[in-house]
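As numbered in the UniProt record's numbering, residues 1 to 590 make up the sequence shown, in order. Every residue gets a Cβ at the ideal spot worked out from N, C-alpha and C, and that includes glycine. The block underneath contains the structure these notes are about, expressed in structure tokens.
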Amino acid sequence: MTTRNQTTPTLPEAQRGPAEKLLDLVLGGSAHLWHNRPGLDVNGVWHPAQGASADLVRRGTPVKPGLFVPAAVKLYRQLLDIYRLNTDLMAHFASYALTQTDWRDLKVATCALMLVQSHSGQPVREDDGSIAFLDDDFRVIGEAMILHYERKSTRMLTPKAVLRVAELLETPEIARLNREAGFGDPASRKPPLGRWKNVATKWLRLREQNLPMLQGLVKAGYKETMKRTARKAGYKPVTQAFFEVLGWKQKQAAAGHRSVGLEGLNLVKRERFDGLSEAEICEWIELERLSYKEVVGRLPKDMGLTPAIMAALLPSLSDRDLRILTPTLEELGLMSDPAIRGRWEKAVQTATDQRALHIVKNVRSQELKAKLEEASDNAAKAAVAEATAEMDVRVMFLIDKSGSMEGAIEQSKEALSRILAGFPLEKLHIASFDTMGTVLKPKAASRAAVQHMLQGIKASGGTTHAAGVHALHRAGVRVPEEAKLICIVVGDEAGEAGDQFARAFRECGYSVAAMAMLVSVASAANRGNTVRTCAGQLRVPFSEVSVDQFEDPYQVPRVLKALMDAPTATGASQSGWVERVMRTPLLKVA
């Protein structure tokens, strides 16, 4: 029989500190704001319109490609809340988001907030009016986020992201939040942009002064983005070369104040390839070192993308591009070429997200499907390796298979198949439990092996979390004294009293550094608080994430990094991931 704790499973809002809110932000939302395809708004959640079920179409409101405002408002509100509670934590998080993550939309949102928030280095005066000191200037962090540059790095703002910072701040709902926070004139009709125009002007000037960099951005497909950014910032180029590289014809303004770019412009135009043969197009690609984006829109309609043209474009493709274009490479027959296949397989090894699990649906070859699933495994492994690089971490997974999990167990299996392959087998300990614990061991560190291990699990029986702990101890699992043990429970958290669960760890000699809950419930009524209470008894950090977060291919590595960062101090109440955020140096303008 399952015993349920009747107390509320969540802390009252008044007791939730900024660190907990920050961890919830990362664990509870994908921070995916922009979508390049039509979608459906279903109760504030974006769903792709293509392939949507009849039920989703009935309940949803069509939305155009671009910024999904409900998600943007939710994320920005969360960031504002953390900022109000702890400005210093928000400043470090913005620096962390840029330099330590690949979360593009989160970078945009944090940059936007830092550019408009009120700590801008203003003087603080004494009673007699003299300047006592200058306030912190955290707007500099927003500037540094835009100006930060690392060649060939994914951890800087792209030209599109620089423009999106302004577009986000101009969104009426976001502008209203900023005015309510005191970041702009409440009577002004213009949205508060903070220092965006000034720093965008600096960003554009640096690229105008470095024409090869500007030409590279045009080749990468950012020509129109650069034009829009220049218009929005009111940028005034100092040379005609800026307009020439962008192919941007100029006209005199009504006031007659323009002096650059009006005469003698030698515009760089990107003509279509109509009338050229396949061989000539390939020669042009190699001569001009054209990118995939530059070429596909210029191909003759009666020719399209051919194997030869695609082969000529391969040097311009990143590893991420190669993984995304797997169905195209297969369709064109290029995967049988040893050199192309070899480079593609190297790209599989460098995956940092699990998007390959979506791409696999459009691939016919079973061999390629298996390789793409390997890319998903590699993303999880990379996330775990990065989070555990500073210390020896052991992980204990306890999987609830009691009767209360009826209807939720399959969702638990899918989530586990996406994450367990990321862990070294010698440091991973798994047990399922109802009133009895059963030790589980995958045959290999792969998604397929995890799915095979979990396939026989069925929901039935009562719930005793401690049974899983005792089963692992009986099986000889021991944790070295110098290692950090993280316990992750998968289920609905309904079960025995939390102090009984905590006692099991003490009896078995397991010193737990942190606990996490992957919440999978058949209905809200099934939710308990056994694990949270246990963490409180053990005085260790506790975090939770819903298993449906793992449906987002970008969220899996993010969640793993946050969950796997054990605190550096024994008995610490703060997440190790939050410690890592606070250790991130604040960005500065060079």
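Less than 8 Å between the CB atoms is what I'm expecting for S118 and F183, so what's the real figure, rounded?
Locating residue 118 in the sequence shown gives position 118, counting from the first residue. Locating residue 183 in the sequence shown gives position 183, counting from the first residue. Yes, they are in contact, since the Cβ atoms of S118 and F183 sit about 6 Å apart, within 8 Å.
Rounded to whole angstroms, what's the CA-CA distance from L357 to S376? Just pull it up for me.
Along the sequence shown, one-based indexing puts residue 357 at 357. Along the sequence shown, one-based indexing puts residue 376 at 376. Between L357 and S376, the C-alpha separation is close to 7 Å.
Beta-carbon within less than 7 Å of L587's beta-carbon, same chain only, minus the 5 sequence neighbours each way: which residues are those?
Taking the sequence shown and counting its residues from 1, one reaches residue 587 at position 587. Same-chain partners within the cutoff: S95, L98, I141, A144, M145, H148.
Start and end residues, alpha helix (DSSP H) containing L79
The sequence position of residue 79 within the sequence shown is 79, counting from 1. Segment 69-85, the alpha helix (DSSP H) holding L79.
For residue 591, count neighbouring C-beta atoms within 10 Å of its own C-beta (all shown protein chains included) and say buried if the count is 16 or more, exposed if not.
The question about residue 591 has no answer, for the chain in this structure spans 1 to 590.
Grab me the residues of G221's own chain with a C-beta within less than 8 Å of its C-beta, minus the 5 sequence neighbours each way, in chain order.
Here residue 221 is taken as the residue at index 221 of the sequence shown, counted from 1. Within the same chain, G221 has close Cβ partners S291, K293, E294.
How far does the alpha helix (DSSP H) with W103 in it reach, from first residue to last?
Within the sequence shown, numbered from 1, the residue matching residue 103 stands at position 103. Boundaries cannot be given for W103, as no alpha helix (DSSP H) includes it and DSSP labels it neither H nor E.
Could you check which residue in G304, E288, A504, R289 has the C-alpha nearest to that of G275?
For the purposes of this step, residue 275 is taken as residue 275 along the sequence shown, with counting starting at 1. Looking from the CA of G275, the closest CA among G304, E288, A504, R289 belongs to G304.
C-beta atoms of P192 and L157 nearer than 8 Å:
Within the sequence shown, numbered from 1, the residue matching residue 192 stands at position 192. Within the sequence shown, numbered from 1, the residue matching residue 157 stands at position 157. In terms of Cβ geometry, P192 and L157 do not form a close pair [threshold 8 Å].
Reference L115; option with closest CA among N198, G29, D353, E345:
Counting from one through the sequence shown, the residue named residue 115 turns up at place 115. The option with the nearest alpha carbon to L115 is N198.
For R343, the first and last residue of its enclosing beta strand (DSSP E)
Position 343 of the sequence shown, counted from the start, is the residue given in the question as residue 343. That residue, R343, is in no beta strand (DSSP E); its alpha helix (DSSP H) goes 338-349.
Cα-Cα, which of A49, A516, G17, D41 is closest to Q78?
As a position in the sequence shown, residue 78 is number 78, starting the count at 1. Nearest C-alpha to Q78: G17.
Return yes when at least one heavy atom of the ligand GTP lies under 7 Å from the C-beta of Q574, else no.
Among the ligands in the structure shown, none appear at all, so the ligand GTP cannot be discussed.
Touch test, the region 321-336 against the region 295-302, Cβ-Cβ under 8 Å, three pairs minimum:
Counting Cβ pairs under 8 Å, fewer than three are found: no touch.
Taking three-plus beta-carbon pairs below 8 Å as touching, is the region 577-587 in contact with the region 442-453?
No, they do not touch.
Report the CB separation of M517 from T388 in whole angstroms; it is logged as a contact under 8 Å.
Here residue 517 corresponds to residue number 517 of the sequence shown, with the count starting at 1. Here residue 388 corresponds to residue number 388 of the sequence shown, with the count starting at 1. Rounded, the Cβ-Cβ distance is 20 Å, inconsistent with contact.
Closest to K484 by CA distance: which of D552, V490, M396, T229 is it?
Counting from 1 along the sequence shown, the entry for residue 484 is found at position 484. Closest in C-alpha terms to K484, from the list D552, V490, M396, T229, comes M396.
If you reduce the DSSP assignment to three classes, tell me which class H148 lands in.
Here residue 148 is taken as the residue at index 148 of the sequence shown, counted from 1. Of the three classes helix, strand and coil, the one that applies to H148 here is coil, per DSSP.
My output table needs one value for T438: the three-state DSSP class, helix, strand or coil.
One-based indexing of the sequence shown puts residue 438 at position 438. Strand, per DSSP.
Within the chosen definition, does the region 499-515 reach the region 524-542 through at least 3 CB pairs nearer than 8 Å?
The region 499-515 makes contact with the region 524-542: 3 or more CB pairs, one atom from each, lie closer than 8 Å.
Cutoff 8 Å; reference V108; Cβ partners in own chain excluding five residues on either side
The residue given as residue 108 occupies position 108 in the sequence shown. Result list for V108: L33, L157, A161, R164, V165, L168, in chain order.
Below 8 Å on the Cβ atoms is my contact criterion, and I expect F423 with V384 to pass it. Report the Cβ-Cβ distance as a whole number of Å.
Translated into positions along the sequence shown, residue 423 becomes position 423. Translated into positions along the sequence shown, residue 384 becomes position 384. Contact holds; Cβ gap of about 6 Å.
Using CA atoms only, rank isn't needed, just tell me which of L204, K413, S402 is closest to G461.
Here residue 461 is taken as the residue at index 461 of the sequence shown, counted from 1. Nearest option by C-alpha distance: S402.
Environment of T463 [buried if 16+ CB atoms lie within 10 Å]:
Mapped onto the sequence shown, residue 463 falls at position 463. With 16 or more other Cβ atoms from the protein chains shown falling within 10 Å of its own Cβ, T463 counts as buried.
Best match in H470, L416, M436, K458 for proximity to A445 [C-alpha to C-alpha]
As a working note, residue 445 is residue 445 in the sequence shown. Of the candidates H470, L416, M436, K458, the one whose C-alpha sits nearest the C-alpha of A445 is L416.
Simplified DSSP assignment, three categories, for W46
In the sequence shown, counting from the first residue as 1, residue 46 sits at position 46. Three-state result, W46: strand.
What is the DSSP secondary structure of W203, counted as helix, strand or coil?
Here residue 203 refers to the residue found at position 203 when the sequence shown is read from its first residue. DSSP places W203 within a helical segment (H, G or I) once states are collapsed to three.
Is the CB-CB distance between residue 622 and V540 below 8 Å?
This structure leaves residue 622 out entirely; the chain is present only between 1 and 590.
Do you know offhand how far R364's Cα is from D102's?
Along the sequence shown, one-based indexing puts residue 364 at 364. Along the sequence shown, one-based indexing puts residue 102 at 102. Distance between the alpha carbons of R364 and D102: 30 Å.
S543, enclosing beta strand (DSSP E) - first and last residue
Taking the first residue of the sequence shown as 1, we reach residue 543 at position 543. For S543, the enclosing beta strand (DSSP E) covers residues 542-546.
Please name the residue in T352, E331, A308, T306 whose C-alpha comes closest to that of S318.
Indexing the sequence shown from 1 puts residue 318 at position 318. S318 has its Cα closest to that of T352, out of T352, E331, A308, T306.
A590, buried or exposed, once every other Cβ within 10 Å from all chains shown has been counted against 16:
Numbered from 1 along the sequence shown, position 590 holds the residue referred to as residue 590. So A590 counts as exposed.
Going by the beta-carbon positions, is the gap between A408 and V521 smaller than 8 Å?
Residue numbering aside, residue 408 sits at position 408 when the sequence shown is read from its first letter. Residue numbering aside, residue 521 sits at position 521 when the sequence shown is read from its first letter. Taking 8 Å as the Cβ cut-off, A408 and V521 qualify as a contacting pair.
Burial state of S575, where buried means 16 or more other Cβ atoms lie within 10 Å
Stepping through the sequence shown from its first residue, residue 575 is reached at position 575. Buried: at least 16 other Cβ atoms inside 10 Å.
Where does M517 sit, in a helix, a strand or coil, going by DSSP?
Here the question's residue 517 lines up with position 517 in the sequence shown. Correct three-state label for M517: strand.
Minimum length 3: unbroken beta strand (DSSP E) runs contained in the UniProt domain "VWFA" (395-475):
Counting only runs of 3 or more, we get 428-433, 437-440.
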